[in-house]
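Numbered according to this note's numbering, the sequence shown spans residues 1 to 234. Where a beta carbon is used, it is the ideal one built from N, C-alpha and C, also for glycine. Remember, it's a predicted structure, so these values are computed and weren't measured experimentally.
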Amino acid sequence: MGKGTKKKEFEKHTIKTAILVDGGFYRKRAKSLWGSKSPFERANELNDYCYRHLKDNYENRYLYRVFYYDCPPIAKNIYNPVTQKTVSLEQTAEFSWMNEFLKELKHHRKFALRMGRISDTQVHYSLKHEPTKKLLRGDIDVKDITTDDLELNLEQKGVDMRIGVDISSLVFKHQVTQIILISGDSDFVPAAKQARREGIDFILDPMRSTIKDDLFEHIDGIRTPKMSFHKTEK
């Protein structure tokens, strides 16, 4: 059998798969499922997780590319209402972790990073859900609130738009026959509907999170691969 024939047989029986990762969603779910990890470990974990999606009993999936969507950390000074001091985000451990994590992802084969940005006008600290409930019930007073009860609110700009643009490009350039989106966001629905109309197999991976019932009609399947990671805290 000649090389040309082998190539045709390969293309005939192989599903070209693009994996799109909503980075903010993945990082949050991965930490919840498998604990905190170093940038190196989290990047390797994501790589392994994506390749788990290629293992299928009924299809021979070939990875076209992994598209990772996120925002680089923002260097900004913000006010902490508990300490009543200004905090330089550039000096925080979270800032360093995120920079290193993005660098590690660039080292992985077939990973393409699509970067949005953090809105510099919407960065602020807010009270977490649990201490808010305790405060409203009267279980704690304002003086009992610590910095651990606060969370940093960051609003991403451009991420959803880049996901939609890439889905359209993959579809209309006929670069893939299957798209796997790792996300829990319903904003992908218009792009998913467009992809399905063009014959693309569209699979959603919400990483065990709950999705709305009406989203099922806009996708071709839902699948979260099994992982054996042990939850660790660092």
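Taking the CB atoms as reference points, tell me whether Gly23 and Tyr64 lie closer together than 7 Å. no
task: State the beta-bridge partners of Val66 as determined by DSSP.
output: Ile19, Phe111
(Q) Residues in the same chain with beta-carbon distance under 6 Å from Phe25, minus the five sequence neighbours each way, listed in chain order, please. (A) Ser183, Gly184
- Query: With DSSP run on the structure shown, which of helix, strand or coil describes Asn57?
  - Reply: coil
Subject >> Where Pro73 falls, given that 16 or more other Cβ within 10 Å makes a residue buried >> reply: buried
DSSP three-state assignment for Asp141, whether helix, strand or coil: coil
Worksheet item: Any idea which residues DSSP pairs Lys85 with across the strands?
Response: Asn80
Exercise for the section: Below 6 Å CB to CB, which residues in the same chain sit around Ile140 once its five sequence neighbours on both sides are set aside? Expected result: Lys134
Completely contained alpha helix (DSSP H) runs for the segment 132 to 209, where each covers 4 or more residues: 159 to 172, 189 to 197
Check your understanding: Under the three-state reduction of DSSP, which class applies to Arg117: helix, strand or coil?
Key -> strand
Review point. How do the segment 35 to 49 and the segment 73 to 91 stand: do at least 3 beta-carbon pairs fall below 8 Å, yes or no?
Key: no
Practice item. Could you have a look at Ser126 and say whether DSSP puts it in helix, strand or coil? Key: strand
Could you name the residues of the same chain whose beta carbon sits closer than 6 Å to that of Glu59, not counting the 5 residues immediately before and after it, in chain order? Ile15
Inter-stretch contact (C-beta, 8 Å, three-pair minimum) for the segment 96 to 116 and the segment 210 to 218: no
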